[in-house]
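Numbering (the working numbering), first residue to last: 24 to 307.
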DNA sequence: AGATGATCCTGTATGC
DNA sequence: TGCATACAGGATCATC
């Protein structure tokens, strides 16, 4: 469930409260582990590591240690990270990782569906994750390069983590609504103004969502257990059948890229014949 | 290259 | 009340 704003909010919680030295690894569920390093080995390597902060790569988190190694985490659909938990608090169901720190508090990972993952990284992680849409160097020009010549639906491109890191179903729909672009528009058919609008919309909605601590529908809470406050500001996601805030049209849904897609047919028009796509050099 | 469907899971909401 | 079904903030793999 968590997308960039939720993962970023969790990252901040982990960076703030996941400090000190690892005193004990009380539980690490091997079913959560992906990658070459097995769970037992991860648990062994975690012991006595000194936490130094947390990084985010798209929807991935790395809990970084002074040694330069890090614990790689992905929250999948239903994952929650809990920091600053007192050891006398009973483990919630589906708790797959429990790390005791020298400050006396624990870091725990819960994930009922187990779509998330745990791994070990040495140095920077090797992940198929594209540029971060909030990075200073993610310009409209870079977005234009990303969509140029591609026939895939723009929403599919936004969701493709190898193209762009961190955008999920909620914020893809929200950004496209803000930019007044139909989700099924072939990416390469977007004209320069549409790309500029999408770039602006994407960054704005992600920034605003982070400022609100993310979006909570059911599961999601941040590392301190607080729900996000952005749900009330969503314009299309989860609003099928209600009125478009911009044109009073009806919000509808369709299936695209395997996901339920929310949009307003009236103000997110499909591309028309005669629209001029952005053509860019593929060099560089 | 890209679309689609299946797969990995449990929890919750709905419809009968 | 029970039971069946659909669906969910994700990612990956096989198949066409």
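Built from N, CA and C at the ideal position, the CB exists for glycine as well.
Burial state of residue i (16 or more Cβ within 10 Å)
| i | result |
| --- | --- |
| residue 284 | buried |
| residue 162 | exposed |
| residue 156 | buried |
| residue 191 | buried |
| residue 61 | exposed |
| residue 102 | buried |
Contact set for residue i: own chain, Cβ-Cβ below 6 Å, skip 5 residues either direction
| i | result |
| --- | --- |
| residue 142 | 57, 58, 95 |
| residue 306 | Confidence is the limiting factor: at residue 306 the pLDDT is only 38, short of 50, which leaves the residue's position unreliable, though a coordinate-based value still follows. Cβ neighbours of residue 306 beyond the five flanking positions: none. |
| residue 265 | 274 |
| residue 106 | 36, 37, 40, 41, 130, 246 |
| residue 209 | 174 |
| residue 76 | 38, 87 |
| residue 92 | 145 |
Nearest to residue i (by Cα), restricted to the options the options
| i | options | result |
| --- | --- | --- |
| residue 85 | 41, 212, 111 | 41 |
| residue 133 | 91, 281, 279, 244 | 244 |
| residue 32 | 172, 98, 44 | 98 |
| residue 68 | 89, 183, 83 | 89 |
| residue 123 | 27, 45, 210 | 45 |
| residue 127 | 144, 248, 108, 115 | 108 |
| residue 261 | 249, 291, 276 | 276 |
| residue 177 | 194, 232, 211, 150 | 211 |
Cβ-Cβ distance between residue i and residue j below 8 Å
| i | j | result |
| --- | --- | --- |
| residue 54 | residue 137 | yes |
| residue 65 | residue 49 | no |
| residue 198 | residue 228 | yes |
| residue 258 | residue 268 | yes |
| residue 286 | residue 205 | yes |
| residue 110 | residue 129 | yes |
| residue 255 | residue 189 | no |
| residue 29 | residue 248 | no |
| residue 167 | residue 293 | no |
| residue 43 | residue 125 | yes |
| residue 272 | residue 288 | yes |
| residue 241 | residue 220 | no |
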